[in-house]
Structure formats: structure tokens, C-alpha cells
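A short write-up of the structure that comes next.
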Amino acid sequence: MKKTGAQILCESLIKEGVEVIYGIIGGAVLPIYDTLPQYPQLRHILVRHEQGAAHAADGYARVTHKAGVCIATSGPGATNLVTGIACAYMDSAPMVAITGQVARPFIGKDAFQEIDITGITIPIVKHNYLVTDVAELAKTVKEAFHIAQTGRPGPVLIDIPRDVQQEQTDFVYPDKIDLPGYKIVSRGHPAQIKKAAKLINEAEQPVIIAGRGIIISQAYDEFKEFAEKAQLPVAHTLLGLGSFPGNHILDLGMLGMHGTGCANMAVQNADLLIAIGMRFDDRATGNTGEFAPNARVIHIDIDPAEIGKNIPTEIPVVGDIKSVLTALNEVIERREHVDWLSQIEQWRYEYPSLEIRQSDELLPQYIVHRIYEATQGDALVVTGVGQNQMWAARYFVYTKPNSIISGGGLGPMGFELPAAMGVKIGCPEKMVWCVAGDGGFQMTIQELATITQENIAVKIAIMNNGYLGMVRQWQELFYGRRYVDTKLWNPDFVKIAEAYDIPGIKVKRREEVIPAIQKAMDYPGAFLIDFLIEPEENIYPIVPPGESLARFFEPSKPEVLGGQF
Amino acid sequence: MTNTKHTLIALVEDKPGVLNRIASLFRRRAFNIQSLAVGSSEHPGLSRMTTVVVGDSAQVEQVRKQLEKLINVVKVSDITEENMVTRELALIKVKASASTRSEIMQIVDIFRANIVDVAPGSLTVEVTGDEDKVNSLLGLLRDFDVKEVSRTGRIALTRGSGS
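Protein sequence lines correspond, in order, to chains A and B.
Going letter by letter, the first sequence gives residues 21 to 585 in this note's numbering.
Going letter by letter, the second sequence gives residues 21 to 183 in this note's numbering.
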């Protein structure tokens, strides 16, 4: 029986196990949407801006380890996806983005809502397709999911002209994939593993830098065994938080520009770095010329192009992290590193990571830590970008696997709310906290409507300081306190929430924090807390841009939160 | 590390937009390419592309690996260190009058190049060889006023029976 392109698309998505798609209808995807009611197993989430669709698909993908699917019409619908696709690309999240295109006879004619979205997205996708023949559609969808979800995951875009959606052909979903140019190295080379093990066995001051690759590979157990067996302390990239229990004795927290003093000191004094599923981003390394000056480097990653890209590597091991760590665990020796670990404890004592300064004002670090305590760490935290992101990274202790979701590489403000929707839909049984800034929150605030329409029970905590806070902090520290265009007039977010039929509460004082968090958690649906925090609170320590990680600084902070780990 | 010319050979799928993906990658990663030539290979559906990239060996290895990540790129080799044959073809239109024509023809002969078009005021010369040979001929012809030049860029294969 012949089927239309739209039907073939829907049936192919079902074959790939897709359950949810995020999108907005429009002229060039009308045939697809017209077909959707025939496939009730595909749940469509109607977002309010296509950026929200892409971030939601991204958030969903990161917690389910399945490609998130988003859909948009041609032209502006497609261009609105771009930020979300770029974010998924930078953070290696699997995504299949589907865009409508003008009908084939109109392509290249600057037709209404025609845009070359495959051309636009080339630098921000793992691969993309323009489907010009309905007979190619099923094969294209099959390839797209394979590419998006395997190896180093990433976004794949499929652009489908409207007349291809309407054209009919026989539907046969292919079993096999023929991609001669797509090879994945899954097992590490035995000789490299042997060399890596030798270095690990001989190291006196080793440090692991744990990245998101461990989470993507779901290698939590293998990683824990690895670190524990050779007593290797673990520093994390932002996206590597949640790959290892944050309350573990070997855990140093995040390294980098806003990393803990202990993590940065350990990395700078290491004689061996074991970088796992990370890519030496400048926010993690600081000045690369002065980065870990005495360390030999082992780099384990599935993407061979990451080896030696930013930092020279002595022993690369290319492969899937789960398989590489399994192999390594068999050949590394039990070590104790007594002197090194006691030095690390000394730094932990000198630079306590959960300390906040004494203040009568409402401090964001306090709020984030109270959310951690109230949830006992059993929550998924979705952050915005900027100070709120760093506070969320530093003052929530990520004891559970894959429990922080953040736009790390691209750093897109406005990620938090739509991504939290996707996270909640992907993990409906989990408590999801969206930690937002007042600036970023307004960039995707329209998704409050989606949250209400689809009944998505996310808890929203706005760190409202009335500033674009991270940029203001830079202006304070590096631009002579000239606060140019960082001061924000804000609407009343609680009233805004109310208008969207979401209950909310404003919190101005410390003693109101715990009851407000409890109220949000007790409420069955979405809930918003507008925390009016100290406007000029900074995130410390900070390594000034372009400086060595050893040059972190922070003003003295006497009060210590929640004890030490 | 020192910057040198590297010759990369790639087998790429012969599909629409592939050259755009490759060019986009070079631009986005700020790789410095000197020439790029592409045409059919011995495999149906695959083209062979020769690129001359300037950089130190770490940079060029990064280029090679990034190119290999493209789904439509099947294989990339840096053959700089290997024994290879490289050729370039150039067409050179040079001003020629009755008094200079025979001198130009003598130079063309020495380079074993060919004259492929003769017009009242000009000659068009076709030359094949490595870049040095093409550059030398071009240098000599400049004395006669070169009107137009079109060069293909380097193509290359490794010597011997292996592939």
C-alpha cells in the first residue's frame, strides 16, 4: 500500500521508538501535522517558539539517552531552531530536527518562508539532509537516528519539502544502514590501554577530569570502580558533574573558571591528568599554556578529533568510555596515594567549596544548597546560563548520575525553561528544578504556556538579581564597575506566572527559603519561586579570563555551609 | 613546530552539497588551504579530492580528523611524507605579437608545454607539472605580458601499486 511522505515520516519515527515530538505547526509542515492524528502513539508538545522545541528535545535527549525530536516549519520556524540545534551540537546531545521546506518547484526561488536551512546548519549539525525524493525518506530517517545516537552523539536535521510530504510511495523501513564514511571506534586499542595503565600505575599525583562523555556512555559504575581502585581524585567539567557522586571522598567538584579551589589546585599540581569524555574547553582549562604544567596527559574520548585539539596528549585512547574503562579496570593496580590525597584534603580545607559569605541579604548559594538539602539530591537540576548556572553547579551536590542539565558549550540563556520541560517529560517520576536567571528566564518565558497546556510539573527557581548578573560581575571586576546595559527592569514574575495559571511565591528573606521550597515540592504541578537575591552577589572563586587555573581568587568568606565532604 | 605544505587526499561521496560541507569546515575551523581539486575517482559514486593545507603537523592532523568526521567523507590521508606524484594543469593566455611569438614558442617547447590556441594578439599555453614547473613557466611568460591564468590546483596520488 502506498503511503504519503508525511505518513512515512511518522511511521519511521515510531520504528525508531520516538514517543514525544516538540514543535510548532506551520505552512510547510501542514501535511505532517495533518497526519499526526493517525498516530496517537506520537505525543506532540506544542511549544510557543521553535527555540523552545529544540531545547526541550535536547533536555529530553540528555535524560533519556534517546534522540530528542523537534519539528518546525520552513523559513522562520527553521531559523528559530538554530540556537537549540547549536546547543545540542556543542554538548553532544542526540537530536533529530525536522523542518518543512517549500515545495520542490519553489526551491531556489526565494519563495515565501523559504530558507536554506541545510546550508545554515552545516556547521552546527553532525549531519543534515534535504530530502528531494519521497523514496529516500525512510532511509534518511533511519540514517539520521543512527548518526544522532551513536558514536559522539549530536543533532541531525532533515529538511522535507512540502510536496515530498504529500507524494506517495511504498513504505519499506530499511533494516540496514550503508554509510561508508561513518565509522565508530567503540573499543579502545589494547596497546593504548596498556600504555595508559602503565602511566596510571606509576603516577604519584594523578587527577581525573571527568566530562559528559561518561554520562553519555552511562559508564557510572565502571568509572566509580576505576577511580576507587587506583584512588584517583575526580575533578569535573560543568557537564561532567553527575558522572561521579559529588559527596564521594575522591570528588573535588568542578574545575575551571569558577571551579573549586581544591579542583584547580589538584589539576595544576598533578603529574598525570586522565581526561575522560571531555574536550579541554577554555572555561575548564584557563590559559592552556600554563595548564597543568607538570602533568602527562591521557585522553579517553570516542571522537578522535578531540585528541590533541586543545591540549597535547601523550596517550590517547579512542573508544567508548564504558568499554575503555572496563578494559582499564582489569589492568590498573590498586593504589593509595596517601601523600597526594592528604595534600588534596589540605586544599579542601584551605578552599572550602560550600562556603558562603556572611550576609543579611538573600544569597543564591544558600538557596541552591537548600534545594539540594530539601530534595536530598534526588532531583534533576536544569540551569540557565551565567551566575545562576555556576551557583547551581557549585552549591547543589550532584550525588545521583546525570542530575544536572545545562547548556555548557553554547551557553544559551533561555535554555532552562524549555529544557526543563523536556527533562520532566523524559523523566516524569523525577523532581525537576529549573534554576533560572531573571535575564534568561525572559528569553523563553513564553514556554510557561506550554507548561500549563501540557501540565508539566517543573519547579522554577528564579535567581532574580535585577541584572544580567554574570556580565555585571565581569563589568565589576574587569571593566571598572561600569554597569553598561546590564541593569534590568523586570516584571512581577509571580503575577506573570499567575497569568499563565501557575502558582508562585516571592521570597525576599532567608527564613522564607525553606518553606517556599517545601511548598513548591508539595504542590503537584508547576510552581514558580521568584527569589529576590542580593543584586551584586558574585560567583567565586573566579579565574580571570586568559589566566592560569592557579590564579583563582575570592574574597574571604567566613561562613561554611553544610559541612565538608 | 613549523608550517609546511601538506597534501591531503580524500575519498568523498559524490553527492550534492559535499563540497560545501568541506569548504564550510575549512572556513569554520580557520584552516588555511592553498588549493583544492576534486573529480571522479575509480570508485563509482566517490570522488577523489586533493587539498594542499598549510600548517604544522598537529594542525594538519586536526584538519584530517575533522574532515574524516564528515559523514560524506570516506577516508582522508596525509600523503606528504609518502612518495607521491603531484601534478597541476594551468592555462596561460599571453600577449604575443609577430616579433615575440617565436620566442614564446621556444620557451613553451623547453617546458614541454603546448600551445592550445593562437589568436592575432595572443597565445594560450597549456602546461602540466608540479607547481614549481608551472610557476617557472609563468615567471618567464610574465615578461611578455600574461593576460589570463587558470590553474587547477594540485592533484596527487601515491607512487607504487598500493592504494
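Where is the CB? At the ideal position from N, CA and C, for every residue including glycine.
Everything numeric in this text was worked out from a predicted model, so none of it was measured.
Using CA atoms only, rank isn't needed, just tell me which of the options is closest to residue i.
| i | options | result |
| --- | --- | --- |
| Q278 of chain A | A:E222, A:A255, A:A81 and A:F165 | The sequence given here places His at residue 278 of chain A; Gln does not occur at that position. It is A:A255 whose Cα lies nearest to the Cα of H278 of chain A. |
| A315 of chain A | A:G397, A:P226 and A:P265 | A:P226 |
| S117 of chain B | B:L158, B:D129, B:G141 and B:M104 | B:G141 |
| E310 of chain A | A:I52, A:V563, A:V49 and A:V38 | A:V563 |
| I269 of chain A | A:R299, A:K215, A:H209 and A:V358 | A:V358 |
| Y418 of chain A | A:Q58, A:I235, A:I213 and A:V38 | A:I235 |
| Y59 of chain A | A:Y42, A:L33, A:G46 and A:D78 | A:L33 |
| G59 of chain B | B:L90, B:V166, B:V74 and B:D34 | B:D34 |
| G297 of chain A | A:M285, A:Y240, A:K249 and A:V287 | A:Y240 |
| A108 of chain A | A:R82, A:I91 and A:A123 | A:R82 |
| N475 of chain A | A:D521, A:Y499, A:G500 and A:R492 | A:D521 |
Report all residues from its chain with a CB closer than 7 Å to the CB of residue i; omit the five preceding and five following residues, and keep chain order.
| i | result |
| --- | --- |
| A217 of chain A | L348, V351 and I352 |
| G594 of chain A | Examination of residue 594 of chain A is not possible in this model, given that chain A is present from 21 through 585 alone. |
| R530 of chain A | L382 and Y386 |
| G486 of chain A | D458, K507, L508, N510 and P555 |
| I525 of chain A | V514, A536, K539 and I549 |
Apart from the five residues just before and just after residue i, which ones in its own chain have a Cβ nearer than 6 Å to its Cβ?
| i | result |
| --- | --- |
| D323 of chain A | R172 |
| L157 of chain A | G25, I28 and V151 |
| R48 of chain B | none |
| V169 of chain B | I112 |
Quick one: does residue i have its CB under 8 Å from some CB of chain B?
| i | result |
| --- | --- |
| G428 of chain A | no |
| A113 of chain A | no |
| A412 of chain A | no |
| P175 of chain A | no |
| Y202 of chain A | yes |
| G489 of chain A | no |
| I167 of chain A | yes |
| K329 of chain A | yes |
| T103 of chain A | no |
| I142 of chain A | yes |
| G208 of chain A | no |
| S568 of chain A | no |
| A325 of chain A | yes |
| H268 of chain A | no |
| T333 of chain A | no |
| H147 of chain A | yes |
| G128 of chain A | no |
| G297 of chain A | no |
Considering only residues of the same chain and omitting the five flanking positions on each side of residue i, which have a CB-CB separation below 8 Å?
| i | result |
| --- | --- |
| I327 of chain A | H319, D321, T333, P336 and V338 |
| G37 of chain A | K86 |
| H63 of chain B | L31 |
Cβ atoms of residue j and residue i: under 8 Å apart, would you say?
| i | j | result |
| --- | --- | --- |
| A30 of chain B | L87 of chain B | yes |
| D150 of chain B | E81 of chain B | no |
| A230 of chain A | S206 of chain A | no |
| I516 of chain A | I465 of chain A | yes |
| A469 of chain A | R68 of chain A | yes |
| T84 of chain A | G428 of chain A | no |
| Q121 of chain A | I180 of chain A | yes |
| V402 of chain A | G128 of chain A | no |
| I391 of chain A | F416 of chain A | yes |
| I204 of chain A | A286 of chain A | no |
| M104 of chain B | R179 of chain B | yes |
| A98 of chain A | R182 of chain A | no |
| G442 of chain A | L90 of chain B | no |
| T103 of chain A | Q133 of chain A | no |
| F551 of chain A | A439 of chain A | no |
Could you confirm whether any beta carbon from chain A is found closer than 8 Å to the beta carbon of residue i?
| i | result |
| --- | --- |
| R107 of chain B | no |
| L56 of chain B | no |
| R162 of chain B | no |
| V93 of chain B | yes |
| G37 of chain B | yes |
| A116 of chain B | no |
| S44 of chain B | yes |
| A133 of chain B | no |
| L90 of chain B | yes |
Report, in whole angstroms, the separation of the C-beta atoms of residue i and residue j, which I expect to be a contact under 8 Å.
| i | j | result |
| --- | --- | --- |
| V145 of chain A | G174 of chain A | 7 Å |
| I135 of chain B | L143 of chain B | 5 Å |
| I197 of chain A | K162 of chain A | 6 Å |
| Q169 of chain A | P114 of chain A | 5 Å |
| K444 of chain A | A477 of chain A | 6 Å |
| L569 of chain A | G266 of chain A | Wrong, their Cβ atoms sit about 20 Å apart, outside the cutoff. |
Less than 7 Å separating the Cβ of residue i from some heavy atom of the ligand GDP?
| i | result |
| --- | --- |
| T305 of chain A | Of the ligands one can find in the structure shown there are none, so the ligand GDP has no counterpart to examine. |
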